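Protein chains in written order, with the working numbering: chain F, 17 to 229; chain V, 17 to 229. In this text, a Cβ means the ideal position worked out from N, Cα and C, and glycines have one as well. Quick caveat, the model's predicted, so the values are computed rather than measured. Below is one structure; the comments refer to it alone.
Protein chains: 2
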Amino acid sequence: MTAQAQAVDKRRVILDAAMRVFARQGFHHCRVSDIADEAGVAYGLVYHYFKSKDEVLNELFTERWSLLLAAIDEVDAQDVPARDKLRAVANFIVESYRHEPELMKVIIVEVTRAANSFGRTHLPEIRRAYEKIAKIVADGQERGEFRHDVDPLFASMWFYGAIEQLLSGWVFELIPTGDTDFERAKDMVTETICGGLEPRAAGDGAGSSADGA
Amino acid sequence: MTAQAQAVDKRRVILDAAMRVFARQGFHHCRVSDIADEAGVAYGLVYHYFKSKDEVLNELFTERWSLLLAAIDEVDAQDVPARDKLRAVANFIVESYRHEPELMKVIIVEVTRAANSFGRTHLPEIRRAYEKIAKIVADGQERGEFRHDVDPLFASMWFYGAIEQLLSGWVFELIPTGDTDFERAKDMVTETICGGLEPRAAGDGAGSSADGA
DNA sequence: ACTTGGATTGACTGGTCAGTCAACCAGCGA
DNA sequence: TCGCTGGTTGACTGACCAGTCAATCCAAGT
């Protein structure tokens with residue numbers, strides 16, 4: 017293994033360790049030495065690869081958030097009803113959590129919901145996600161799939177807000193985290209929000225839930 | 017003015033100052049001396065009235081959150097449809113923000129959304145609010161006003177989550193904050209979430225446009 | 001006037017940590 | 001074999017700040 021390749025690996029090792037430590041103790045309640053210990057490297061090496069403690073978190077966030085933005089773009093590019101697009105977005109986020117709960121916990125707790133620290137720093141990127149979702153909603157409105165009297169950005173924010181609240185529920189352990197729970201959650205949030213966005217007068221013939229109440 | 021009355025006042029003065037400082041700089045990014053300066057009192061006096069910096073924030077949160085819990089109880093005691101109850105809850109929260117944006121900002125940013133610090137401490141109280149809202153939803157289901165295939169606690173979480181996301185949008189300045197915006201927001205969130213929770217049974221037709229917007 | 005006790009003051013202490021830096025080591029080319 | 005380069009080490013420093021405490025002030029009672 018070349019020195020170059022090793023270097024890349026150590027950087028990754030440190031990032032992964034930081035993710036676990038941030039998830040366990042929180043960004044403000046951990047020391048840089050905790051990260052180094054978890055990674056099994058010397059204290060100083062963290063500063064060889066990163067300018068500061070902040071930069072480690074920034075890197076974790078940016079890496080992941082860009083994936084989300086790309087995923088939304090990809091979803092939006094498909095020619096399917098807005099409801100399906102939203103469901104795909106919900107699916108992506110929930111699957112992200114299912115697959116890497118620690119990383120998502122860090123992103124949500126330390127960045128997305130941290131208005132006074134990193135949330136403010138990354139506001140533009142966070143906002144971009146809202147706007148992309150808003151575009152899906154707006155398109156849905158144009159095609160007559162959604163009612164017109166709801167501001168797309170508002171709808172976007174509480175669609176995302178509802179999902180984030182679910183993840184928070186899992187993070188906080190307020191909600192059970194079995195496989196079926198994840199599936200049900202995805203269904204319910206999409207059904208409910210879309211249900212609320214769809215015109216009241218028109219039933220959707222293809223509605224998959226359609227319980228009789 | 018008696019010494020007793022003065023004492024009470026100073027405590028209040030410190031709490032109000034802390035609220036402003038926390039809102040402006042964030043709990044972690046301000047010093048106790050900032051609070052004392054803002055209040056116009058000596059550093060040590062903060063510790064005369066409060067055991068620690070944490071306790072100041074705890075007091076601000078508890079004071080306000082108990083009002084919310086009481087408000088939900090009061091709403092729930094009325095004999096009106098679940099939809100109206102939820103609208104009243106949304107109304108209370110939004111009005112709280114409109115009337116005291118700094119306090120609500122602190123509560124949301126530093127407690128409600130701070131999973132690693134005060135959010136964890138106050139989890140039981142926060143949870144109680146979700147449960148109270150869940151009860152409203154469950155009652156609505158029993159009376160046939162809401163569909164049965166959505167878990168009340170889930171619905172509660174994203175109802176609250178959606179509202180909190182709105183407040184966050186105002187805090188982050190992602191959303192305009194005019195009087196009409198507040199009113200529209202209240203309407204939209206209630207309409208949409210309730211719309212999604214209500215049975216789909218109503219009039220069917222393949223049509224898609226429908227609403228006047 | 002004098003005492004008493006709570007309110008008020010702000011200098012000081014102790015501990016914590018992010019970030020620095022000089023030394024160390026391992027591979028590689030000359 | 002001998003530098004040279006760049007990854008690697010961890011003790012150390014400088015800054016910051018929550019919380020303490022002894023001193024002072026003031027109002028009410030005697």
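Legend entry - DSSP-derived helix/strand/coil call for V/S172: helix
Legend entry - Separation of F/E180 from V/R36, as counted between CA atoms: 28 angstroms
Inset, instruction - Rounded to whole angstroms, what's the CA-CA distance from F/A222 to V/F188? Just pull it up for me. - result: Low local confidence applies: a pLDDT of 36 at F/A222 is under 50, so the model's placement there is unreliable, and no value is given.
Inset, instruction - Determine, using beta carbons only, whether V/A131 comes closer than 7 angstroms to chain F. - result: yes
Legend entry - Where F/D25 falls, given that 16 or more other Cβ within 10 Å makes a residue buried: exposed
Legend entry - Chain-ordered chain V contacts of F/D167 [CB-CB under 8 angstroms]: R200 and M204
Inset, instruction - Assign F/A86 to one of two classes, buried (16 or more other C-beta atoms within 10 Å of its C-beta) or exposed (fewer than that). - result: exposed
Legend entry - Counted within 10 angstroms of its Cβ, other Cβ atoms place F/M17 as buried (16 or more) or exposed: In this prediction, F/M17 has a pLDDT of 45, which is less than 50 and means its spatial position is unreliable; what the coordinates show is noted afterwards. With fewer than 16 Cβ atoms within 10 Å of its Cβ, F/M17 is classed as exposed.
Inset, instruction - Starting from the C-beta of F/L183, find all residues in its chain whose C-beta is less than 7 angstroms away, skip the five residues before and the five after it, and write them out in chain order. - result: Y113, M120 and I124
Legend entry - Span separating the alpha-carbon of F/G177 from that of V/E79: 26 angstroms
Inset, instruction - Say whether the region 132-145 of chain V touches the region 49-58 of chain V, bearing in mind that this needs 3 or more beta-carbon pairs closer than 8 angstroms, one atom from each stretch. - result: no
Legend entry - Nearest residue (CA-CA) to V/T159, options V/A98, V/V127, V/A58 and V/V72: Going by the sequence as given, residue 159 of chain V is Arg instead of Thr. The candidate whose alpha carbon is nearest that of V/R159 is V/A98.
Inset, instruction - Could you tell me whether the Cβ of F/W186 comes closer than 7 angstroms to any Cβ of chain V? - result: no
Legend entry - Cβ-Cβ distance between F/V72 and F/F66 below 7 angstroms: yes
Inset, instruction - Could you spell out where the alpha helix (DSSP H) holding F/A148 opens and where it closes? - result: Residue identity check: residue 148 of chain F is Lys in the sequence provided, not Ala. Element bounds for F/K148: L139 to E158.
Inset, instruction - Quick one: using the 10 Å Cβ neighbour count with 16 as the cut-off for buried, is F/E90 buried or exposed? - result: exposed
Inset, instruction - Determine the contact status of V/R163 and F/R129, defining contact as a CB-CB distance below 7 angstroms. - result: no
Legend entry - Contact between the region 165-173 of chain V and the region 140-157 of chain V (3+ Cβ pairs under 8 angstroms): yes
Inset, instruction - Please list the partners that F/I209 has in chain V, where partner means a Cβ-to-Cβ separation under 9 angstroms. - result: W174, A178, T208, I209 and G212
Inset, instruction - Can you say whether V/A145 is buried or exposed, counting buried as having 16 or more other CB atoms within 10 angstroms of its CB? - result: buried
Legend entry - Three-state class that DSSP yields for F/T193 in the structure shown: coil
Legend entry - 6 angstroms Cβ shell around V/A106 - same chain, five flanking residues per side excluded: I179, K202, V205 and T206
Legend entry - Of the listed residues F/F38, F/E126 and F/F108, nearest to F/I149 (C-alpha basis): F/F108
Legend entry - Inside the region 69-119 of chain V only - alpha helix (DSSP H) runs reaching at least 4 residues: 69-93 and 98-115
Inset, instruction - Can you tell me which of V/K101, V/H115 and V/S49 puts its alpha carbon nearest to the alpha carbon of V/F198? - result: V/H115
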